[in-house]
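For reference, the structure discussed in these notes is given below.
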Amino acid sequence: MIKNTDLLAKKSQHTETGLDTASLPAYLAATPGWAQDGPRIVKTFQFKNYYETLSFINAIAYVIHAEDHHPEMVVTYNRCVIRFDTHTVNDGKGGISENDFICAAKINTIFEQSFS
């Protein structure tokens, strides 16, 4: 069983090995609100206004830089959609790796501590 605390304790590392489909439900259970969307995971974060949305982006910038794992983000007035995938897995075709869930867990924690 994968726990949120296990993911929070890890650091993203270069990988060429994606997660197999059977392991995804356990990782998704450890990162509430994230869902599989094809070869990536995605979550929408809601905010009161644009200032809060931008504050969230600034708050997670350090984490995604330190993890060297950068998501696709769509930012609007009061929400931010974040999509993670790992382009180096599956022979360069991309897919989902543990790195995606490590970052998802850390972003969830920032949101819960400062924006919920």
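Final position of the sequence shown in the numbering used here is 125; the numbers increase by one with none missing. Ideal placement from N, C-alpha and C gives every residue a C-beta, glycine not left out. Because the structure is a prediction, the values reported are computed rather than measured.
Around the Cβ of V98, a 10 Å sphere holds 16 or more other Cβ atoms; the residue is buried.
V72: not part of any beta strand (DSSP E); member of the alpha helix (DSSP H) spanning 59–75, first to last residue.
Setting aside the 5 residues that flank it on each side, Q55 is surrounded in the same chain by N87, R88, each with a C-beta closer than 8 Å to its C-beta; the list follows chain order. Separation of the CB atoms of V84 and I116 is rounded to 14 Å, and the pair is thereby denied contact status at 8 Å. With fewer than 16 neighbouring CB atoms inside 10 Å of its own CB, A70 falls in the exposed class. Taken atom to atom, the span from the alpha-carbon of M82 to that of T62 is near 12 Å.
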